[in-house]
Structure formats: C-alpha cells, structure tokens
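Written below as structure tokens is the structure these notes are about.
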Amino acid sequence: MAASAQERRTRILDVVREAGSIRVVELAERLGIPAVTVRRDVAALADDGRLERTHGSVALPGGAGGGQGRLIGMLVPTVGQYFDEVVAGASAAATAAGARVILGIAPYGADSDRAQVERLLESDVDGLLLTPNWTPGEGLVGSDWLGGLPVPAVLAERRAAPASPAARLDAVCSDHRHGVLLALRHFAGLGHTSVLLAARADTRTAHEVRAGYAAAVGQLGLAELPVVDVPSPAGPRSPGDDGDLAARIAEAARSGVRAVLVHNDQDAIQLPPLLRAHGLTVPEDMALISYDDVYAALSEPPLTAVAPPKRAVGSEALGLLLRRLSEGDTLPVHRTELLPTLKIRKSCGEPIA
20 MAASAQERRT
30 RILDVVREAG
40 SIRVVELAER
50 LGIPAVTVRR
60 DVAALADDGR
70 LERTHGSVAL
80 PGGAGGGQGR
90 LIGMLVPTVG
100 QYFDEVVAGA
110 SAAATAAGAR
120 VILGIAPYGA
130 DSDRAQVERL
140 LESDVDGLLL
150 TPNWTPGEGL
160 VGSDWLGGLP
170 VPAVLAERRA
180 APASPAARLD
190 AVCSDHRHGV
200 LLALRHFAGL
210 GHTSVLLAAR
220 ADTRTAHEVR
230 AGYAAAVGQL
240 GLAELPVVDV
250 PSPAGPRSPG
260 DDGDLAARIA
270 EAARSGVRAV
280 LVHNDQDAIQ
290 LPPLLRAHGL
300 TVPEDMALIS
310 YDDVYAALSE
320 PPLTAVAPPK
330 RAVGSEALGL
340 LLRRLSEGDT
350 LPVHRTELLP
360 TLKIRKSCGE
370 PIA
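For what it's worth, our numbering labels the leading residue of the sequence shown as 20, then goes sequentially.
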C-alpha cells in the first residue's frame with residue numbers, strides 16, 4: 020500500500036531532523052520515494068514553514084532545527100513500555116535540532132502531574148511535552164492549570180476537551196480508531212464475521228480502542244460483541260485474572276467466535292499458553308491481534324499487531340514545540356493525528372474455510 024502524503028512528509032521531516040541538512044536527491048534515495056514526489060512534498064512543507072530550501076538542499080527552519088540550546092521538559096506516565104519509543108522519538112529530534120530533553124514521570128493514578136511539571140519548570144525549561152494522566156471519556160479533567168503554563172506546551176498522545184483551558188495547546192496523537200479499523204479489516208479479509216475485543220478501560224488509548232471497535236464493526240458489517248474487560252495493571256489484580264480472560268475468550272469460541280483483538284501486548288502475549296488449557300491453539304482455533312506492538316514480535320507465535328507511530332509522535336511533538344517557540348502565537352493551534360500501521364505476523368493464520 021502506498022504511503023499517504025502525511026506519512027511521507029512525516030518521514031521526510033524525521034530524516035531532515037537526523038541529517039540537519041540534506042540534498043533532495045539524497046533524501047529521495049534514503050526514503051525510496053521518487054524524487055518528483057519528494058520535491059512536491061518538500062515544497063508543501065516549505066510553504067507550511069516546516070522546511071527551508073536552499074540550492075537543492077533542505078533543512079529545518081532556523082538552521083539546526085531552530086532548537087539550538089533549548090531545554091525541553093517532557094512529562095510521561097510511565098517508562099519501560101509504550102512511552103519508551105515516544106520519549107526516544109522526541110529525544111532524537113531534540114538532539115538533531117540542538118536541543119535537549121529532560122524527563123519527568125507521573126505514574127498512572129498518582130495524581131502528580133502538576134507537581135512533576137512544576138519540577139520541570141524549576142529547571143528553566145523553554146517548553147514542555149506533556150502526557151498527563153487522562154480519564155477516558157472526560158478529557159483532561161482537573162487539569163485547568165494546563166491553560167496557565169508559563170512556557171509553550173504540546174500534548175503528546177492526549178487531546179484536551181474542546182471547552183477546557185487546555186484546548187489552546189497543540190497536540191500530536193496516534194489515531195487509534197484507525198488502528199482498530201486496520202485490525203478488524205484484516206480479520207474480515209480472512210473471512211471472520213465476528214471479532215471479540217478484550218481491552219482495558221484506564222487510558223486514552225483504551226478509550227479510543229473501544230470507540231474504534233464500535234465504529235469499525237458497523238463499518239465492516241461485523242457482529243458487535245460485548246467487550247471483555249481487561250484489568251488495569253495499576254489497579255488490584257489477582258493471579259487468576261489472566262486465566263479469567265482466557266476463559267472468557269474460550270467461552271466466545273464455543274459460540275463460534277474465532278478472532279480476538281487484545282489491548283495490549285502484555286495481556287495478548289500471555290494468552291496462547293492459557294488458551295491451550297482450554298483446547299484452543301493460536302492461530303488454528305483462534306486468530307489473535309495485539310494492540311500496541313511493543314513486545315508482540317517476541318511472542319510464540321509472533322503476534323500480528325497494530326503499531327501506533329510511537330516514535331513519530333514524539334518526534335512530531337518535539338518539532339511542533341520548536342515551531343511554537345520560534346513562531347509564537349502567529350502559528351495556528353495544531354491538532355495532528357498520525358496513523359498506525361498493521362504488522363502482519365503468524366498469529367492470524369490463513370483465511371478460514
């Protein structure tokens with residue numbers, strides 16, 4: 020499938036950030052995209068103020084990315100999983116631009132977002148990349164203080180409620196609803212007429228995955244099944260929870276369901292051996308797709324997975340923050356959504372008879 024213009028331009032910006040300055044011909048070779056297409060995308064990015072063109076070469080505005088000497092504070096809810104790649108993307112983009120990222124961690128459920136941001140501000144940061152704790156379905160409730168920050172800020176993998184003070188902040192997010200559509204479309208292409216969703220309910224990603232499931236089954240004409248709730252790792256969790264999840268999937272299998280989408284990798288990876296205890300093998304009896312693609316390739320069998328563009332979210336958010344620092348209020352508020360991809364591995368098997 021050909022990449023969309025948005026995907027190509029995101030890749031172009033990533034390469035330019037890494038290289039600092041690069042000739043258009045070399046850029047086309049590195050990306051494996053026809054030079055005429057790259058020139059058209061570069062022209063569009065230049066018109067939007069995101070690239071500068073000089074004598075056949077391109078660079079980010081302001082020489083080394085417009086971030087020379089900038090100190091950027093970054094708030095995330097966890098490290099070690101999904102947000103490792105978001106942080107890595109932001110850090111790499113900052114280094115290419117001559118800036119530096121310092122990290123603050125406000126764990127899920129700790130109610131420490133504001134305290135961590137205040138600590139980052141005490142380090143005299145020039146701007147902030149923020150992933151505050153978020154209550155699904157309610158936006159950034161209790162976060163009105165985000166509207167009064169003394170430095171520019173960009174939300175990463177978060178979107179403020181439209182009427183909230185934080186709505187004026189730029190935001191860069193993965194389009195998780197599109198990611199779920201990719202998964203269910205793949206299942207439908209293999210002949211499945213119903214797909215079970217097993218998902219958490221504690222984060223924005225979980226909320227978007229559930230909403231995406233409801234939309235996708237209608238769009239694809241699949242049977243909509245009740246969502247199987249997966250316990251949050253931040254809450255009370257008993258040793259039997261994983262077995263209970265496998266039992267619920269086995270119960271659905273007895274009703275004819277042969278495909279399941281699981282959010283996220285941690286729970287999906289544990290399922291194949293647990294399902295074998297119920298006489299079910301993956302993918303012969305149950306096709307399985309994981310959501311997040313952090314560890315999915317390390318499963319046995321390797322799991323087909325929806326891969327949000329985690330690294331690109333961090334890179335794009337950092338680049339947008341540098342633009343905000345450079346252009347101030349003359350830059351319109353941006354709300355950017357990047358599309359996930361589907362990584363096909365062995366856990367979905369062949370088309371069903």
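C-beta atoms are modelled at their ideal positions from N, C-alpha and C, and glycine is treated no differently.
Predicted, not measured: the structure shown is a model, and the values here were computed from it.
The beta strand (DSSP E) with residue i in it runs from where to where?
{"i": "Leu-148", "result": "146 to 149"}
{"i": "Ala-278", "result": "278 to 282"}
{"i": "Arg-119", "result": "119 to 124"}
{"i": "Ser-40", "result": "40 to 42"}
Provide the residue span of the alpha helix (DSSP H) that contains residue i, from first to last.
{"i": "Ala-233", "result": "223 to 239"}
{"i": "Leu-357", "result": "First-last for Leu-357: 354 to 357, but that is the beta strand (DSSP E), not the alpha helix (DSSP H)."}
{"i": "Val-55", "result": "54 to 66"}
{"i": "Val-249", "result": "Unbroken run through Val-249: none, as it is neither H nor E."}
{"i": "Tyr-127", "result": "No alpha helix (DSSP H) holds Tyr-127; DSSP gives it neither H nor E."}
{"i": "Asp-103", "result": "101 to 115"}
{"i": "Ala-372", "result": "First-last for Ala-372: undefined, no H or E at that position."}
{"i": "Ala-296", "result": "Unbroken run through Ala-296: none, as it is neither H nor E."}
Under the three-state reduction of DSSP, which class applies to residue i: helix, strand or coil?
{"i": "Gly-329", "result": "Strictly speaking, residue 329 in this sequence is Lys, with Gly absent from that position. Residue state, collapsed to three classes: helix."}
{"i": "Thr-212", "result": "coil"}
{"i": "Leu-290", "result": "helix"}
{"i": "Tyr-314", "result": "coil"}
{"i": "Arg-267", "result": "helix"}
{"i": "Ala-218", "result": "strand"}
{"i": "Ile-91", "result": "strand"}
{"i": "Thr-360", "result": "strand"}
{"i": "Val-199", "result": "helix"}
{"i": "Ser-23", "result": "coil"}
{"i": "Asp-189", "result": "strand"}
{"i": "Ala-324", "result": "strand"}
{"i": "Ala-242", "result": "strand"}
{"i": "Gly-8", "result": "This structure cannot settle anything about residue 8, because the visible part of the chain is limited to 20 through 372."}
{"i": "Val-136", "result": "helix"}
{"i": "Gly-86", "result": "coil"}
{"i": "Glu-45", "result": "helix"}
{"i": "Val-98", "result": "coil"}
{"i": "Val-35", "result": "helix"}
{"i": "Glu-303", "result": "coil"}
{"i": "Ser-131", "result": "coil"}
{"i": "Gly-338", "result": "helix"}
DSSP puts residue i in a beta bridge; with which residues?
{"i": "Thr-349", "result": "For Thr-349, which the question treats as bridged, DSSP gives no partner whatsoever."}
{"i": "Arg-72", "result": "Val-77"}
{"i": "Ile-308", "result": "Leu-280 and Thr-323"}
Excluding five sequence neighbours on each side, which residues of the same chain lie with their C-beta closer than 6 Å to the C-beta of residue i?
{"i": "Glu-71", "result": "Ala-78 and Pro-80"}
{"i": "Leu-122", "result": "Met-93"}
{"i": "Ala-172", "result": "Leu-147, Leu-149 and Leu-188"}
{"i": "Glu-227", "result": "His-195 and Arg-196"}
{"i": "Leu-165", "result": "Ala-185"}
{"i": "Ala-235", "result": "Val-199, Leu-200 and Leu-203"}
{"i": "Arg-358", "result": "With the sequence shown as reference, residue 358 is identified as Leu, and Arg is not the correct amino acid for it. The residues are Asp-194 and His-197."}
{"i": "Glu-243", "result": "Val-236"}
Beta-carbon within less than 7 Å of residue i's beta-carbon, same chain only, minus the 5 sequence neighbours each way: which residues are those?
{"i": "Ile-363", "result": "Thr-323"}
{"i": "Gln-100", "result": "Val-313"}
{"i": "Asp-248", "result": "Ala-220"}
{"i": "His-353", "result": "Asp-189 and Leu-339"}
With a CB to CB cut of under 8 Å and the five nearest residues on each side skipped, what residues in its chain are close to residue i?
{"i": "Ile-288", "result": "Ser-309, Tyr-314, Ala-315, Leu-317, Ser-318 and Leu-322"}
{"i": "Leu-293", "result": "Asp-261, Gly-262, Leu-264 and Ala-265"}
{"i": "Asp-304", "result": "Ala-272, Arg-277, Leu-294 and Gly-298"}
{"i": "Ala-109", "result": "Ile-91, Met-93, Val-120, Leu-148, Ala-175, Gly-333, Ser-334, Ala-336 and Leu-337"}
{"i": "Pro-320", "result": "Pro-291, Val-301, Pro-302, Arg-364, Lys-365 and Ser-366"}
{"i": "Thr-97", "result": "Ile-124, Pro-126 and Tyr-127"}
{"i": "Arg-343", "result": "Gly-146, Pro-171, Val-173, Asp-189 and Leu-350"}
{"i": "Ala-225", "result": "Pro-155, Ala-218, Arg-219 and His-282"}
Return yes when at least one heavy atom of the ligand MG lies under 7 Å from the C-beta of residue i, else no.
{"i": "Arg-119", "result": "The ligand MG is not among the ligands present in this structure, which contains no ligands whatsoever."}
*Only counting runs of 4 or more residues, tell me where the alpha helix (DSSP H) segments fall wholly within the region 160 to 187, in order along the chain.*
The region 160 to 187 contains no whole alpha helix (DSSP H) run of 4 or more residues.
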